[in-house]
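Take a look at the structure below.
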Amino acid sequence: MVDHLVNTEINSQRIAAVENCFGASGQPLAVPGRVLLGEGILTKECRKKPKPRIFFLFNDILVYGSIVINKRKYNSQHIIPLEDVTLEMLPDTLQMKNRWMIKTSKKSFVVSAASLTERKEWISHLEECIRHLLSKTGRQPSTEHAAPWIPDKATDICMRCTQTKFSTLTRRHHCRKCGFVVCADCSRQRFLMPRLSPKPLRVCNLCYRQLLAEKEVVVEADRRQPEPICSAIPGYEPSSGDDSDKSDDDKADQWPADTEFYTSEVSWSSFHS
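Under UniProt numbering, the first residue of the sequence shown is numbered 1, with each subsequent residue one higher.
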């Protein structure tokens, strides 16, 4: 299917239409060899409540964003390289059915489809794209993944001290290492995790102690290594990643409490023809 669509006018038009829907807030998506394989609306388990998100599957990336006007305007664009993606099937809950987790090194989150068939379609297409990319690059599947954030409503008390009760005045916070919902007293520490952000991130007290212990082991191992002989290369500057993982915020869209996301009209749409 990719070979059939690559470099075709219809593929270019479809990618241009996606770019147009995201407008100036989105990044350019048209690159040589990229093919748009399908799209669909999935319900994403966000921090405060589940929300519908538009997803676009390309042969090398997964793009999603918030829906302002379906088929016309989207914002809060996120781009995920498929080489970094691992999928995990999840059981149904009372609130959400047909769930699975999209795990990456920078961000992991749970989505659900409108039907079991739609979930199978998504999983099948994603796995095939990931398999093809890893085969082409010779890379191994990613083993390091960011912890998914536990939704706010999953607990009324701090998941570390189990004493502090959350209220309008007592805010919930999330540990960036384990994803637990914690109080301010249990998450006063910050730790630099370059894989997630160039800035130190909030972590709970337990994860902070674990991260410090891991860092001490690495430092001690480096200390025992013989110092390498380095030769300066004129004009060479070591590169540094400045990518940051920004979590979903909830200010962009206000959905009525009775909005029904599980309808047959929001199924997976693939471009096979």
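Beta carbons are placed, not taken as given, at the ideal position from N, Cα and C, and that holds for glycine.
Just so you know, these numbers come straight off a predicted model, no measurement behind them.
Check: Between Tyr208 and Phe180, is the Cβ-Cβ spacing less than 9 Å?
Finding: no
Margin query: Need the endpoints of the beta strand (DSSP E) that Thr43 sits in, please.
Written below: Leu36 to Glu45
Item checked: Inter-residue Cα distance where the pair is Thr86 and Arg14 -> 26 Å
Margin query: Using 9 Å as the threshold, is the C-beta distance between Leu62 and Ile79 below it?
Written below: yes
Next item on the list: For the alpha helix (DSSP H) containing Tyr127, list its first residue and its last residue.
Entry: Checking the displayed sequence, the identity of residue 127 turns out to be Glu instead of Tyr. Start and end: Leu116 to Thr137.
Check: Hey, out of Thr162, Ala184, Lys103 and Arg172, whose CA is closest to Pro148's CA?
Finding: Lys103
Notebook entry, point to check: Under 9 Å between the Cβ atoms of Arg195 and Lys106?
Noted result: yes
Notebook entry, point to check: Does the stretch 132-145 come within contact of the stretch 115-124, defined as at least 3 CB pairs closer than 8 Å?
Noted result: no
Check: Whose C-beta lies closer than 7 Å to the C-beta of Asp249 among residues of the same chain, with five residues either side of it excluded?
Finding: Confidence at Asp249 is low in this model, with a pLDDT of 44, below 50, so its placement is unreliable and the value that follows should be read with caution. Hits under 7 Å: none found.
Check: Whose C-alpha, out of Asp222, Leu82 and Ser197, is nearest the C-alpha of Pro141?
Finding: Leu82
Next item on the list: Could you give the DSSP three-state label for Asn7: helix, strand or coil?
Entry: coil
Check: Where does Asn98 sit, in a helix, a strand or coil, going by DSSP?
Finding: coil
Notebook entry, point to check: How would you label Glu121, buried or exposed, when you count the other beta carbons within 10 angstroms and need 16 or more for buried?
Noted result: buried
Notebook entry, point to check: What's the gap between the Cα of Leu29 and the Cα of Asn70?
Noted result: 19 Å
Next item on the list: Assign Gly23 to one of two classes, buried (16 or more other C-beta atoms within 10 Å of its C-beta) or exposed (fewer than that).
Entry: exposed
Item checked: Reference Leu57; option with closest CA among Cys204, Ala221 and Asn11 -> Asn11
Check: Excluding the five sequence neighbours on either side, which residues of its own chain have a C-beta within less than 6 Å of the C-beta of Ile157, listed in chain order?
Finding: Lys165
Note to self: Measuring straight from C-alpha to C-alpha, what distance separates Pro91 and Arg223?
What the structure shows: 46 Å
Item checked: Length of the line joining the Cα atoms of Val219 and His145 -> 23 Å
Notebook entry, point to check: I think Gly26 touches Gln77, with their Cβ atoms under 8 Å apart; what is that distance to the nearest whole Å?
Noted result: 4 Å
Notebook entry, point to check: According to the neighbour-count rule (16 or more other Cβ atoms, all chains shown, within 10 Å of its Cβ), is Asn20 buried or exposed?
Noted result: exposed
Notebook entry, point to check: Start and end of the alpha helix (DSSP H) containing Glu214?
Noted result: Asn205 to Arg224
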